[in-house]
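Heads up: the sequence shown at position 167 corresponds to 167 in the UniProt record's numbering, and the numbers run straight through without jumps. Below is one structure, written out as structure tokens; the observations come after it.
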Amino acid sequence: MSTISPTRYFGLSGSGLDIDQMVTSLMKAQRTKQDKIKQNKTIADWQRSDYREINNSLRSLRDNVFKMKLQGSYLTKKAVSSNEGIVKVSSTSTAVVGAQDIKVTALASNARLNSSEAVTFDASKTNLHDQMGLTSTDPIVFKVNGSQEISINPSIDTIDTLVSKINSAKKTVTVDGSSTEVSAGVTASFDKTLKRIFISSNSTGAAAAIDFDNVSNSSELFNDLKLDGNPDPGVIDPFAAVNGTDAVFELNGTLLNQASNQFTIAGVNYTLTGTSTSETVHVNITSDTDAIYNSIKTFVDLYNTTIDKVNKKTSEEKYKDYPPLTDEQREALTDDQEKQWEEKAKSGLLRNDSLLNGIVGNMRSALSSFVSKADSGYNSLASIGITTGDYSEKGKLYIDEDKLKEAINANPDAVMDLFTKSSDVNSEKGLAVRLYDNLTSGINQLIDKAGSENSYSTVDNSFLGKKIAEYNKQISDWDTRLQDIEDRYYRQFTAMETALNKMNQQSQYLTQMFSSSK
């Protein structure tokens, strides 16, 4: 709101009064009430920021707890091969604990079509016709694996162009009435030192193929490249299709084949790296104790960090003699003094906060209570080696590594149920399920109290958000009121100066009258 200050005349009466200084002093007293509102708003802003920071920590913990209430976090398995020179293995969560035997007799291979010997090739020439010594300059057209036609101009293109066009060949496939272009699935290269072309399918297995089709004038080129796909040694045919081979192996006595050397059977990932007709490779699958332990430890560490952060806030010392600085006070301090003051002013704003204490209390209760109807040997954190410290540590958890790993090894399913068990009855819920519910409730309570940085709304309808908005309105109202008061002071002093000036003029007139009558 803009205002037009009244016209101000000072010094006309010769009063010698410093009107600006007098008005400033009077306004200082008037601004005390507004300064108090500004300080209250600053405190509310700081509290909201503190609440939101804590809520972000609770969200991070809840994200971790969400994983902890999923069974997959406890079903981690470890697979070990007796000979990784033949078979490498890893395990998924669906693998069954036990042993597997595998004997690999053949690896899956790509289809390959290579020059059978060095070809005639002159690297100093600049086109395919001259490089290969072709007899014709007519366009060469062919397909690979049913691709779109590949056209080569021997007078312009080179051996590098030929290789590039083979590698970028596309074919059209139709699935459910929808057509799309895909790679023809082959990769070619030409070694100018060896003077040989090497062509390989991009995939392995018996279905992988290299199949060139002559459209026009390509026979001479392919023959000159010494390509021969015909398995009959007496017949050379560069256009005979060649195929890859499947991997062949026995798994637990059953003969199987796969198109790739990498595959998954019954939750175990196999990578075949070699063959042996005599050696059987033993694969042992066990629960991955270390992985499960590390998941639980990560959770415990994050839980401890979170409650420590909240506990520090609720026990932080409050300095009552350090309210937020007013603008005038801030101007009188150095940057370092201002920083030190605000550190104390911000301290203890959430001391003994009932909302935060309640949230931490619920978190501790969720983990300290027994899980009803769980295995009697695995129905609490303490039963698997996780205990709380003394009273002064306010719920901090400690892990007995040996005891926890022993529990995981002895009964991984019971450890899993301790954290993940679902039930409509709270006492029967797993620890992670309970804690997740309590964290969600606490997060929502803090959003009601202080809003959320992640909200898409531009209006903060939380308790503190509304409080800050009211303070802003009061500050704005006071801005208008203070301007009116300041203008009134200046009008009053202007009137006083005008009256004094008039009195001076009358006094001078009377003095002149008396002087002239003598």
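Note that CB positions come from ideal geometry on N, CA and C, so glycine has one too. Note that the coordinates shown come from a computational prediction; the quantities given were computed from them, not determined experimentally.
- Three or more beta-carbon pairs separated by less than 8 Å link the region 130-147 to the region 215-224, which places the two stretches in contact.
- It is roughly 21 Å from the alpha-carbon of alanine 266 to the alpha-carbon of methionine 416.
- Going by DSSP, isoleucine 296 is part of the alpha helix (DSSP H) stretching over 289-314.
- Sixteen is the threshold: when 16 or more other Cβ atoms of the shown chains lie within 10 Å of the Cβ of methionine 363, as they do, the residue is buried.
- Restricting attention to beta strand (DSSP E) runs no shorter than 3 residues, the region 96-139 encloses them at 98-106 and 110-114, ordered along the chain.
- The DSSP-derived three-state label of leucine 350 is coil.
- Annotation for glutamine 258: Ala108, Asp246 and Ala247 place their beta carbon closer than 7 Å to its own, counting only its chain and skipping 5 residues before and after.
- The criterion of a C-beta distance shorter than 9 Å is satisfied by valine 65 and phenylalanine 299.
- A straight-line Cα-Cα distance of about 28 Å links isoleucine 359 and tyrosine 471.
- In this structure, leucine 464 sits near lysine 449, with a CB-CB distance shorter than 9 Å.
- Of the candidates Met513, Gln505 and Glu486, Glu486 places its Cα closest to the Cα of methionine 22.
- Here isoleucine 210 is not near asparagine 261, since their CB atoms are 9 Å or more apart.
- Judged by DSSP in its simplified three-state form, serine 147 adopts coil rather than helix or strand.
- Excluding the 5 residues flanking it on each side, tyrosine 319 has same chain C-beta neighbours closer than 8 Å at Lys344, Ala345, Ser347 and Gly348, in chain order.
- In the structure shown, aspartate 213 falls within a strand segment according to DSSP collapsed to helix, strand and coil.
- In this structure, glutamine 39 places its C-beta atom within 9 Å of the C-beta atom of threonine 326.
- When the five nearest sequence neighbours on each side are left out, the beta carbons in the same chain lying within less than 7 Å of the beta carbon of lysine 373 are those of Glu428, in order along the chain.
- In chain order, Tyr270 place their CB closer than 6 Å to the CB of phenylalanine 263, counting only its own chain and leaving out the 5 sequence neighbours on each side.
- Fewer than three beta-carbon pairs drawn from the region 82-93 and the region 116-123 are found closer than 8 Å, and the two stretches are therefore not classed as touching.
- In the structure shown, phenylalanine 514 falls within a helical segment according to DSSP collapsed to helix, strand and coil.
- Fewer than three pairs of CB atoms, one per stretch, sit closer than 8 Å, so the region 382-390 makes no contact with the region 39-54.
- Of the residues assessed, arginine 330 falls on the exposed side of the cut-off, its CB having fewer than 16 other CB atoms within 10 angstroms.
- Restricting attention to Asn202, Ala206, Ala184 and Asp232, the CA atom closest to the CA of phenylalanine 212 is found in Ala184.
- Following the DSSP letters along the chain, one finds glutamine 39 in no beta strand (DSSP E) but inside the alpha helix (DSSP H) bounded by residues 19-68.
- Within the DSSP bridge table, the entry for valine 242 names Ile210 as partners.
- For lysine 318, there is no enclosing beta strand (DSSP E), as DSSP marks it with neither H nor E.
- In this structure, the alpha-carbon of glutamate 328 lies about 43 Å from that of asparagine 304.
- The secondary-structure analysis by DSSP pairs glutamate 181 across a beta bridge with Thr172.
- Looking at the DSSP output, aspartate 191 sits in a beta bridge with Arg196.
- The region 91-105 makes contact with the region 279-299, as at least three CB pairs between them are under 8 Å.
- Inter-residue distance for threonine 42 and glutamine 492 is about 35 Å (C-alpha atoms, whole angstroms).
- 9 Å or more divides the Cβ of lysine 165 from the Cβ of valine 182.
- Distance from the Cα of proline 323 is smallest, within the candidate group Gly244, Ile19, Asp35 and Leu75, for Asp35.
- DSSP, reduced to helix, strand and coil, places glutamate 279 outside both helices and strands of the structure shown, so it counts as coil.
- Around the beta-carbon of aspartate 424, fewer than 16 other beta-carbon atoms lie within 10 Å, marking it exposed.
- From the listed residues Tyr490, Leu272, Leu397 and Ser462, the smallest Cα separation to threonine 105 is found for Leu272.
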